[in-house]
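Chains as they are written, first to last, in the numbering used here: chain A, 42 to 444; chain B, 337 to 659.
Given below as structure tokens:
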């Protein structure tokens, strides 16, 4: 008469034991009370004695396997007895198909399958709920390494969440779902270009703090006489000023090509436009030569086409220098990554109302920080600083932008 | 808000709609002089007169057939069937008439008929008078099937049923007429084909309607004592079937139980589970359980009848199984 040996409960709170070593191999004779195997619990290594005598017919779990209390671990029978282990296990309880562990690992877990699914027809060979499968896939967790706490050993959501860790179920209820979103084409392009730029272009940065008072006053004055849809933005002035300043500094309006610096014949200013799906740079051609009103209306048209997703190739190609303005978001300043193959990019912060010292007195002022990122292969800090001086000249005496 | 029984809510809806619209008429067995088997139309005959509140022969095919014809000719009849079990006698008028005429005449005729029918077991009326064949009728495109579980919805949905140009089977539960609840003052309409969250919870979603809504609400109170918060979705109409709130809820709770009074096989639960499976598979953490009537003709014997009908304990057991 064959007997199934089960993992004994060797302590009040023992849920599973790590089978460290089989003392009796398959085919060995074992007397009642003889040591069959060694089990490691949370507290100690304990010898498991056989409750029956006979021949070890089969080991149901390999050494170094964590086994839940009550799960079958071996079959003992009479010498020469023909034993249908599957049938025997079907009669007693659900057999354990244990997962081997590489040594006594801290995570002692195993997958339990019921007899009828032992042929591997379960998807992925594990019994898991759909939501558990989804969460495991998203979290990069291998389900076959988890123990299921649901009926029939089903791996359920709480089991996966327990492994996902810190965010316990109560917290997870409140957090937004983790989702995987494929990179849009635009995002992928931005990622590729910016990574290349940051890795290959030796950036340096020069920051200047400008007096925006005259510019704001001029803009207010001009806009007071303009219709709502043709009012100037601060950016219009900045683009124009950058373009005019670039006339004097061809190195900043250039591109490195092998061992040559290409100094562009045109000054085409790219303006970064934020979209839901990423960032697009629209281009105002020959910006230094265009009257401010024309530049302003072109920019408005380009930006609206970009936001509507209707840009034309010419709208986004051929820029020689870029202006990126986050002023509308109340930022002090920021640093931009050069848009290759350009040599420089200007990052513009917000106009801040603050106290400034003028001729020894504290007076209210409007300030604006800009940071020029430049390619050290084609220009140097001193040149960048001198460009900023010229740029400052236009911003602080903006009437020159109109003539 | 006032406290009304479902009987009062239905009666008010009919009364107000008849006052509002001269085209609304009532016809059925004993609806006039007697005031209705369930006393829903008591007083209507005296107030609205025999022209608009018509007693009919005991012939359900005639009741629905006459109502269909009147609806096609421009009236908005409300036909009362004493029990939904008698609707089988009018099956052809309901599924081949009311549900098809608009379609088969290329939209030239509308059939704005409401068929009020009393369904459900629990009153010891025997196997042939205690059935819950809601799913049978919900099977047919062209027929709206509405089954409210609260006084609020009974009033609002019946008004909507009378006002819609489509034929509506309005199923009232025989044991819910005394159920009380808050009903807004004055005229209001509840949209047909919109499910409703009747109780909020985070641990399990119970999807149900009609009488089983009331049982589920009681079960939820008991579960709350055990620390389990059940969210209860009231389907309110079976066709059109609005799965939106149920899907949203199951995506949060990952566990669901569908409770219906009819038989399990080919039932409302089967349809709901199928849709959950199709549209929320990746959110399920346990097989969705159905609670339904035992698959026997409903016994007359009081104890056996209660045994065969779904009870609060059955709902509790199903919820515990999916948790």
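Where a beta carbon is used, it is the ideal one built from N, C-alpha and C, also for glycine. Just so we're clear, the structure is a prediction, and the values are computed from it rather than from any experiment.
Residues of chain B with a Cβ closer than 8 Å to the Cβ of residue 175 of chain A are, in chain order, 618 and 619. In the three-state reduction of the DSSP assignment, residue 122 of chain A falls in the coil class, being assigned neither a helical nor a strand state. Judged by DSSP in its simplified three-state form, residue 597 of chain B adopts strand. In this chain, residue 370 of chain B is not harboured by any beta strand (DSSP E), its DSSP state being neither H nor E. Contact annotation: the segment 508-522 of chain B touches the segment 338-351 of chain B, with at least three C-beta pairs closer than 8 Å. Contiguous alpha helix (DSSP H) elements confined to the segment 287-357 of chain A occur at 333-348 and 354-357, taking only those with 4 or more residues. DSSP, reduced to helix, strand and coil, places residue 575 of chain B within a strand of the structure shown. Between residue 352 of chain B and residue 521 of chain B, the alpha-carbon positions lie close to 12 Å from each other. Taken atom to atom, the span from the alpha-carbon of residue 494 of chain B to that of residue 483 of chain B is near 10 Å. Residues of chain B with a Cβ closer than 9 Å to the Cβ of residue 170 of chain A are, in chain order, 590, 620, 621, 622 and 623. The three-state reading of DSSP puts residue 528 of chain B in coil, since its state is none of H, G, I, E or B. In the DSSP assignment, residue 395 of chain A falls within the unbroken beta strand (DSSP E) covering 385-399. When secondary structure is reduced to three states using DSSP, residue 378 of chain A falls in the coil class, being assigned neither helix nor strand. A direct Cα-Cα distance of roughly 8 Å separates residue 231 of chain A from residue 320 of chain A. According to DSSP, residue 362 of chain A shares a beta bridge with A:310. Going by beta carbons, residue 435 of chain B and residue 478 of chain B fall inside the 8 Å limit. A check of alpha carbon separations from residue 273 of chain A across A:260, A:362, A:252 and A:206 identifies A:260 as the nearest. Around the beta carbon of residue 42 of chain A, a 10 Å sphere encloses fewer than 16 other beta carbons of the protein chains shown; the residue is thus reported as exposed.
Distance from residue 62 of chain A to residue 104 of chain A at the Cβ level is roughly 6 Å; contact confirmed, criterion being Cβ atoms closer than 8 Å. By the criterion of a C-beta distance shorter than 6 Å, residue 564 of chain B is surrounded in its chain by 539, once the five residues flanking it on both sides are discounted. Take residue 359 of chain B, set aside five residues on each side of it, and the residues of its chain with a beta-carbon closer than 7 Å to its own are 410, 411 and 412, in chain order. Closer than 9 Å at the C-beta level to chain B, one finds these residues of the segment 191-205 of chain A: 191, 192, 195, 197, 198 and 199. In this structure, residue 506 of chain B lies near residue 451 of chain B, with their beta-carbon atoms less than 8 Å apart. A direct Cα-Cα distance of roughly 21 Å separates residue 437 of chain B from residue 574 of chain B. Under the three-state reduction of DSSP, residue 552 of chain B is assigned to helix. In the DSSP assignment, residue 100 of chain A is bridged to A:115. One thing to note: residue 454 of chain B has its Cβ within 8 Å of the Cβ of residue 508 of chain B. About 16 Å separates the CB atoms of residue 201 of chain A and residue 163 of chain A; that is not less than 8 Å, and the two are not in contact. Straight-line measurement puts the Cα of residue 188 of chain A at about 43 Å from the Cα of residue 475 of chain B. The C-beta distance from residue 198 of chain A to residue 590 of chain B rounds to 6 Å, short enough to meet the 8 Å contact threshold. Excluding its 5 nearest sequence neighbours in each direction, residue 263 of chain A has C-beta neighbours in its own chain below 7 Å: 273, listed in chain order. The residue from A:183, A:356, A:293 and A:55 with its alpha-carbon nearest to that of residue 303 of chain A is A:293. Here residue 417 of chain A is not bridged, per DSSP, to any residue. Taking the CA atoms as reference points, residue 109 of chain A sits about 59 Å from residue 338 of chain B.
Excluding the 5 residues flanking it on each side, residue 480 of chain B has same chain C-beta neighbours closer than 8 Å at 497, 500, 502, 503, 504, 505, 528, 529, 573, 575 and 576, in chain order.
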